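Numbering (our numbering), first residue to last: 307 to 454.
Where a beta carbon is used, it is the ideal one built from N, C-alpha and C, also for glycine.
The structure displayed is predicted, hence computed values, not measured ones.
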């Protein structure tokens with residue numbers, strides 16, 4: 307099996323991702339303290355969007371999928387499309403804390419396995435009223451190419 311991920315690129319962006327997520331977390335805390343602080347969800351959404359783009363750029367798609375679900379939930383919060391606002395905020399805070407840990411795991415194990423974060427992905431989706439992902443939807447084995 308050939309792993310085509312660029313772990314040097316991941317190392318390069320991990321620090322910026324962690325800092326951006328820290329700022330997004332602070333914005334969420336501000337929003338939790340003051341529900342009228344609408345600029346806070348804008349700041350959080352902007353940060354998560356940057357993280358999502360960075361992860362797509364370095365082609366770590368499991369991590370990018372987690373960031374994408376975070377971004378979609380932040381957007382739903384911004385647009386008032388979540389039934390349980392406090393639960394959505396809690397899930398976003400949890401995901402913001404878990405993404406750097408997932409990236410550390412990806413880097414040390416040299417595998418981007420979104421199955422590890424499937425429960426969190428589904429919690430984020432459920433908070434938006436979306437259908438849940440199955441294990442098979444995330445299964446993409448790396449099969450060796452065989453000569454003809």
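Practice problem: Could you check if residue 346 is buried or exposed, using at least 16 other CB atoms within 10 Å of its CB as the buried criterion? | Solution: As a working note, residue 346 is residue 40 in the chain shown. Flag for residue 346 reads buried.
Quiz item: Going by the beta-carbon positions, is the gap between residue 431 and residue 422 smaller than 9 angstroms?
Solution: Within the chain shown, residue 431 is the residue found at index 125, counting from 1. Within the chain shown, residue 422 is the residue found at index 116, counting from 1. No, Cβ-Cβ distance for residue 431 and residue 422 is not below 9 angstroms.
Practice problem: Counting only the same chain and skipping the five closest in sequence on each side, list residues whose C-beta sits under 7 angstroms from that of residue 495. | Solution: Summary: the structure shown does not reach residue 495, with the chain confined to residues 307 through 454, and so no result is reported for it.
Quiz item: In angstroms, rounded to a whole number, what distance separates the CA positions of residue 413 and residue 365?
Solution: On the chain shown, position 107 is the one that residue 413 refers to. On the chain shown, position 59 is the one that residue 365 refers to. The alpha-carbon atoms of residue 413 and residue 365 are separated by roughly 13 angstroms.
Practice problem: Please go through the segment 369-442 and give each complete alpha helix (DSSP H) segment of 4 or more residues, from N-terminal end onward. | Solution: 391-415 and 424-433
Quiz item: Apart from the five residues just before and just after residue 381, which ones in its own chain have a Cβ nearer than 7 angstroms to its Cβ?
Solution: Along the chain shown, one-based indexing puts residue 381 at 75. These residues qualify, in order along the chain: 351.
Quiz item: Based on Cα-Cα distance, which residue from 433, 435 and 399 lies nearest to residue 330?
Solution: By 1-based counting over the chain shown, the position of residue 330 is 24. Considering only alpha carbons, the answer is 399.
Quiz item: Which same chain residues, not among the five before or five after residue 455, have their C-beta less than 8 angstroms away from its C-beta?
Solution: Residue 455 is absent from the model: the chain starts at 307 and stops at 454.
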